[in-house]
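This report refers to the structure that appears directly beneath it.
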Amino acid sequence: MAYEALDSGSVPLPSTAEQVTRRRKRLIPSWPLVIGGVLLLVIAAACLAAPWLTSYDPSYQDINNPGAAPFSAGHLLGTDAPFGRDMLSRILYGGRIDILIGLGATSVTVIVGTTVGLIAGYFGGKIDGILMRIVDIFFAFPFLVLVLAIIAMLGPSLLNMFIAIWAVGWVSYARIIRGETLVVKKQEFILAARTLGYTHRRIIIRHILPSVISAALVFSMADAVGNILLGAALGYLGLGVPPPTPEWGSMIADGQTYMVTQWWVPTLPGIAIVLVGISFSLIGDGLADILRPQG
Amino acid sequence: MGRFGFVIPRLIQLVPVAIGITIITFFLIHLIPGDPVVALLGNHYSDASAHALRAALGLDKPLWNQYLIFLGNLLHGDLGNSIYYEEPVRDLIFSRIEPTVWLVVYAAALSAIISVPLGMLAALKRDSVIDQAIRGFFLVALAMPAFWVGIILVLIFSIHFSIFPVSGFGDTIPSHIEDLFLPALTIALSFGAVLIRSLRNSTLSVLRADYVDTARAKGLPNRVILGRHVLRNALLSTVTIFGVNIAFLMGATVIVENVFALGGIGQLLVSAIQQRDYAVVQGITLLIAFFVIVINLLTDVAYGLLDPRVQQ
Chain U
279 MAYEALDSGS
289 VPLPSTAEQV
299 TRRRKRLIPS
309 WPLVIGGVLL
319 LVIAAACLAA
329 PWLTSYDPSY
339 QDINNPGAAP
349 FSAGHLLGTD
359 APFGRDMLSR
369 ILYGGRIDIL
379 IGLGATSVTV
389 IVGTTVGLIA
399 GYFGGKIDGI
409 LMRIVDIFFA
419 FPFLVLVLAI
429 IAMLGPSLLN
439 MFIAIWAVGW
449 VSYARIIRGE
459 TLVVKKQEFI
469 LAARTLGYTH
479 RRIIIRHILP
489 SVISAALVFS
499 MADAVGNILL
509 GAALGYLGLG
519 VPPPTPEWGS
529 MIADGQTYMV
539 TQWWVPTLPG
549 IAIVLVGISF
559 SLIGDGLADI
569 LRPQG
Chain S
9 MGRFGFVIPR
19 LIQLVPVAIG
29 ITIITFFLIH
39 LIPGDPVVAL
49 LGNHYSDASA
59 HALRAALGLD
69 KPLWNQYLIF
79 LGNLLHGDLG
89 NSIYYEEPVR
99 DLIFSRIEPT
109 VWLVVYAAAL
119 SAIISVPLGM
129 LAALKRDSVI
139 DQAIRGFFLV
149 ALAMPAFWVG
159 IILVLIFSIH
169 FSIFPVSGFG
179 DTIPSHIEDL
189 FLPALTIALS
199 FGAVLIRSLR
209 NSTLSVLRAD
219 YVDTARAKGL
229 PNRVILGRHV
239 LRNALLSTVT
249 IFGVNIAFLM
259 GATVIVENVF
269 ALGGIGQLLV
279 SAIQQRDYAV
289 VQGITLLIAF
299 FVIVINLLTD
309 VAYGLLDPRV
319 QQ
């Protein structure tokens, strides 16, 4: 018993695949993952199904009922002031843009950043030095400030928002993946692959990438939350999609002047943002639980 | 040299990053579609002023030459001129920087006050109800947009309870402290969430450390162990975590300044964007980036001074 514990070298460690399978055999692999996943699916589905869930057009101004309270005048969540646009439909249609930002901006940055991180970590030396120096320089700028500056130059629009986030957001992944790659690079199966004469490309894609991808995936959830908040902030500052397209951030800005009398106008979009953010965070926690090596 | 021996290499490491910052900021202007001179002059465009600006910026020269001119101006403290306010960017920034500095320091202090005890508590009572509650609260806090939190706080504390003002910076020091409380609290709630997570992790690793076991074996009361070892290490980690996340703090400051109309450089940045005042945007971006790397350097130095192991 104690003797066996000392001889740890002979105990085969389960591979990552086995660990994940063993975890999955439990009925609920991870509560945060399930809750977060379901929440996100429900919200996304609601936003996609907006035309069927609400009969109002988000730009339609019900001039007889400006600033109506929730559950009144036939508007489930009330209307905004001063235009009288239906809050429920504006929130559902607006969600499309914010969720799109969360998914679209993040997916590109994951790919670009992971690629850079793999190259820097695997090849090391001068390439690593230069790439990581560039990453350090980007990290000196607050994310928001650099995105603001890029949008300032290119002009505010949804596409430019994506471009700005893509240009800046990849650096976090580069750093994380490079760190992971450095660790994985030293393992024996990599040495074996090199000895077998596999090309660098094959080793990176087939052998290193699967081991480091989990770190990127977990972080991508937190990053998605950050991007959604960033998109909403840009909308709040008036630098996002132009009106009258609804977007949660700009809705909060529009409603700020009316917060005293019609508190639901700026509050409800914020709650929507928080719910989406929580769902992404829960998914991230769940992924971290599942992908964490056991034992 | 002694304890400061490690500062010199760090300073030298800073130089390429500083140069890189100037390069990126320089290139920002060249992102503008169309003729940068037309954009930079805006409504003040005239053939004469365009010609003068082109010569001053060296826009007819090759790109690297333009960069050197930009860098040269920078080293003389010249950040260009604001077309909207018609004064040098440097003066403009200087006149607006006070609220921002106040807010950053205030928010940092509040964040530390909130997160150090809560982070340590979460680690000490690991997996208990308190721990879950703290982590749950901050899971939600991190999903809340800063500008929205600010509005909600104003709704509750300024309008409903009338304790704090809705906006503005105030004229005297006591009014600064009062007016800035809600903005600082807004930032502290999200920044604090980031700090708590890291603090909890580092406190957990301290609690697992050998010397804590030794202290317990020696029969030291928990209070002493906490105070002497755990707290010290937690504070040490706070310094580092702080430095790493200072960029996040600056970003939140920019947003919150706009929510509360504080008149600092965050608000200046946004209005400059709306007014197409490119030189101001460039100058503020540069300044904030430099501030971040300086703070990183200072926290590294502070860590080196506080942690006796670093001198070896």
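Those sequence lines, one after another, are chains U and S.
Taking the numbering used here, the leading residue of the first sequence gets 279, the next gets one more, and so forth.
Taking the numbering used here, the leading residue of the second sequence gets 9, the next gets one more, and so forth.
Glycine is no exception: its CB is placed at the ideal position from the N, C-alpha and C atoms.
Could you confirm whether any beta carbon from chain S is found closer than 9 Å to the beta carbon of residue 421 (chain U)?
-> As a working mapping, residue 421 (chain U) is identified with position 143 in the first sequence. For residue 421 (chain U), a Cβ of chain S is located within less than 9 Å of the residue's own Cβ.
Contact set between the segment 397–425 of chain U and chain S, restricted to residues whose Cβ is under 8 Å from the partner = Taking 8 Å as the Cβ-Cβ cut-off against chain S, the residues of the segment 397–425 of chain U that qualify are 411, 412, 414, 415, 416, 417, 418, 419, 420, 421, 422, 423, 424.
Would you call the segment 108–121 of chain S and the segment 253–267 of chain S in contact, with 3 or more CB pairs under 8 Å?
-> Because the criterion of three Cβ pairs below 8 Å is met, the segment 108–121 of chain S and the segment 253–267 of chain S touch.
Looking at the structure shown, is residue 567 (chain U) part of a helix, part of a strand, or coil, going by DSSP?
-> One-based indexing of the first sequence puts residue 567 (chain U) at position 289. The DSSP-derived three-state label of residue 567 (chain U) is helix.
Indicate the three-state DSSP secondary structure (helix, strand or coil) for residue 89 (chain S) in the structure shown.
-> As a working mapping, residue 89 (chain S) is identified with position 81 in the second sequence. Here DSSP, grouped into helix, strand and coil, assigns residue 89 (chain S) to strand.
With distances taken from CA atoms, which of S:152, S:314, S:300 is nearest residue 198 (chain S)?
-> Position 190 of the second sequence holds residue 198 (chain S). Closest by alpha carbon: S:152.
Rounded to whole angstroms, what's the CA-CA distance from residue 485 (chain U) to residue 67 (chain S)? Just pull it up for me.
-> Here residue 485 (chain U) is taken as the residue at index 207 of the first sequence, counted from 1. Here residue 67 (chain S) is taken as the residue at index 59 of the second sequence, counted from 1. Spanning the two alpha carbons is a distance of roughly 49 Å.
Between the segment 456–469 of chain U and the segment 533–542 of chain U, do three or more beta carbon pairs fall short of 8 Å?
-> Segments in contact, no.
Whose C-beta lies closer than 8 Å to the C-beta of residue 559 (chain U) among residues of the same chain, with five residues either side of it excluded?
-> Looking up residue 559 (chain U) in the first sequence gives position 281. Close CB contacts of residue 559 (chain U) within its chain, under the 8 Å cut and outside five residues either way in sequence, are with 314, 499, 500, 503 (chain order).
Which whole-angstrom value is the C-beta distance of residue 78 (chain S) and residue 34 (chain S), which I expect to be below 8 Å?
-> Against the second sequence, residue 78 (chain S) aligns to sequence position 70. Against the second sequence, residue 34 (chain S) aligns to sequence position 26. Separation of the CB atoms of residue 78 (chain S) and residue 34 (chain S) is rounded to 5 Å, and the pair is thereby assigned contact status at 8 Å.
Alpha carbon to alpha carbon, how far is residue 180 (chain S) from residue 438 (chain U)? Give it in angstroms, no decimals.
-> For the purposes of this step, residue 438 (chain U) is taken as residue 160 along the first sequence, with counting starting at 1. For the purposes of this step, residue 180 (chain S) is taken as residue 172 along the second sequence, with counting starting at 1. Approximately 41 Å between the Cα atoms of the pair.
Distance between beta carbons of residue 381 (chain U) and residue 328 (chain U), contact taken as under 8 Å | On the first sequence, position 50 is the one that residue 328 (chain U) refers to. On the first sequence, position 103 is the one that residue 381 (chain U) refers to. Not confirmed; about 17 Å, so no contact.
Residues sharing a beta bridge with residue 363 (chain U), DSSP = In the first sequence, counting from the first residue as 1, residue 363 (chain U) sits at position 85. According to DSSP, which records beta bridges pairwise, residue 363 (chain U) is partnered with U:339.
Going along chain U, which residues have a C-beta under 9 Å from residue 289 (chain S)?
-> Here residue 289 (chain S) is taken as the residue at index 281 of the second sequence, counted from 1. Those are 426, 427, 430, 431, listed as they occur along chain U.
May I have a chain-ordered list of the alpha helix (DSSP H) segments no shorter than 4 residues that lie completely inside the segment 483–550 of chain U?
-> As far as the segment 483–550 of chain U is concerned, its whole alpha helix (DSSP H) runs of at least 4 residues are 487–514, 526–534.
Chain S contacts made by the segment 504–524 of chain U, where a contact means CB separation under 8 Å | Residues 507, 510, 511, 514, 515, 516, 517.
The segment 35–47 of chain S touching the segment 57–64 of chain S, judged by at least three CB pairs closer than 8 Å | Enough Cβ pairs lie closer than 8 Å, so yes.
Does any CB atom of chain S fall closer than 9 Å to the CB of residue 280 (chain U)?
-> Numbered from 1 along the first sequence, position 2 holds the residue referred to as residue 280 (chain U). Only weak support exists for where residue 280 (chain U) lies, its pLDDT of 42 falling under 50; the value from the coordinates is given anyway. False, the Cβ-Cβ gap to chain S never drops below 9 Å.
C-alpha gap between residue 106 (chain S) and residue 92 (chain S), whole angstroms = Taking the second sequence and counting its residues from 1, one reaches residue 106 (chain S) at position 98. Taking the second sequence and counting its residues from 1, one reaches residue 92 (chain S) at position 84. Cα-Cα distance, rounded: 21 Å.
Is any heavy atom in the ligand ADP found nearer than 8 Å to the beta carbon of residue 138 (chain S)?
-> In the structure on display, the ligand ADP does not appear, and there are no ligands present to speak of.
Exposed or buried, which one is residue 282 (chain S) when buried takes at least 16 other CB atoms within 10 Å?
-> The count along the second sequence starts at 1 and reaches residue 282 (chain S) at position 274. By the 16-neighbour rule on beta-carbons within 10 angstroms, residue 282 (chain S) is exposed.
Alpha carbon to alpha carbon, how far is residue 111 (chain S) from residue 322 (chain U)? Give it in angstroms, no decimals.
-> By 1-based counting over the first sequence, the position of residue 322 (chain U) is 44. By 1-based counting over the second sequence, the position of residue 111 (chain S) is 103. Put simply, the backbone Cα of residue 322 (chain U) is about 37 Å away from that of residue 111 (chain S).
Mind checking residue 288 (chain U): buried by the 16 CB within 10 Å criterion, or exposed?
-> Stepping through the first sequence from its first residue, residue 288 (chain U) is reached at position 10. Unreliable positioning characterises residue 288 (chain U) in this predicted model, as indicated by a pLDDT of 48, which lies under 50. A coordinate reading is not provided.
Please name the residues in the segment 300–329 of chain U whose beta-carbon is closer than 7 Å to at least one beta-carbon of chain S, in chain order.
-> Near chain S, meaning a CB-to-CB distance below 7 Å, no residue of the segment 300–329 of chain U qualifies.
Using a Cβ-Cβ cut-off of 9 Å, state whether residue 537 (chain U) counts as contacting chain S.
-> As a working mapping, residue 537 (chain U) is identified with position 259 in the first sequence. Under the Cβ criterion of 9 Å, residue 537 (chain U) is counted among the residues facing chain S.
How many Å lie between residue 302 (chain S) and residue 349 (chain U) at the Cα?
-> The residue given as residue 302 (chain S) occupies position 294 in the second sequence. The residue given as residue 349 (chain U) occupies position 71 in the first sequence. Cα to Cα, the separation comes out at about 53 Å.
List the endpoints of the continuous alpha helix (DSSP H) containing residue 404 (chain U).
-> For the purposes of this step, residue 404 (chain U) is taken as the residue at position 126 of the first sequence. Start and end: 403–417.
Residues of the segment 302–317 of chain S with a CB closer than 7 Å to any CB of chain U: list them in chain order, please.
-> Of all residues in the segment 302–317 of chain S, none comes within less than 7 Å of chain U when Cβ atoms are compared.
From residue 429 (chain U) to residue 170 (chain S), what distance separates their C-alpha atoms?
-> Taking the first sequence and counting its residues from 1, the one referred to as residue 429 (chain U) is at position 151. Taking the second sequence and counting its residues from 1, the one referred to as residue 170 (chain S) is at position 162. When only Cα atoms are considered, residue 429 (chain U) and residue 170 (chain S) end up about 37 Å apart.
Secondary structure, alpha helix (DSSP H): runs of 4+ residues fully inside the segment 218–271 of chain S | Those alpha helix (DSSP H) runs which fall completely within the segment 218–271 of chain S and span 4+ residues are 218–225, 230–233, 239–268.
Residues bridged to residue 96 (chain S) (per DSSP) = Here the question's residue 96 (chain S) lines up with position 88 in the second sequence. Residue pairing from DSSP places residue 96 (chain S) in a beta bridge opposite S:89.
Are there 16 or more other CB atoms within 10 angstroms of the CB of residue 420 (chain U), so buried, or fewer, so exposed?
-> To locate residue 420 (chain U), count along the first sequence from 1; it is residue 142. So residue 420 (chain U) counts as buried.
Under 8 Å by Cβ, that's how I've got residue 298 (chain S) and residue 26 (chain S) pegged, so tell me the actual separation to the nearest angstrom.
-> Walking along the second sequence from the start, residue 298 (chain S) turns up at place 290. Walking along the second sequence from the start, residue 26 (chain S) turns up at place 18. Indeed, because the Cβ distance is near 7 Å, the residues count as touching under 8 Å.
Mind checking residue 183 (chain S): buried by the 16 CB within 10 Å criterion, or exposed?
-> As a working mapping, residue 183 (chain S) is identified with position 175 in the second sequence. Exposed, since its Cβ has fewer than 16 Cβ neighbours within 10 Å.
Mind reading off the beta-carbon distance from residue 142 (chain S) to residue 130 (chain S)? Whole number of angstroms is fine, and I expect it under 8 Å.
-> Counted from its first residue, the second sequence places residue 142 (chain S) at position 134. Counted from its first residue, the second sequence places residue 130 (chain S) at position 122. Yes, they are in contact, since the Cβ atoms of residue 142 (chain S) and residue 130 (chain S) sit about 5 Å apart, within 8 Å.
Using the C-alpha atoms, what's the distance from residue 80 (chain S) back to residue 552 (chain U)?
-> Taking the first residue of the first sequence as 1, we reach residue 552 (chain U) at position 274. Taking the first residue of the second sequence as 1, we reach residue 80 (chain S) at position 72. Cα-Cα distance, rounded: 46 Å.
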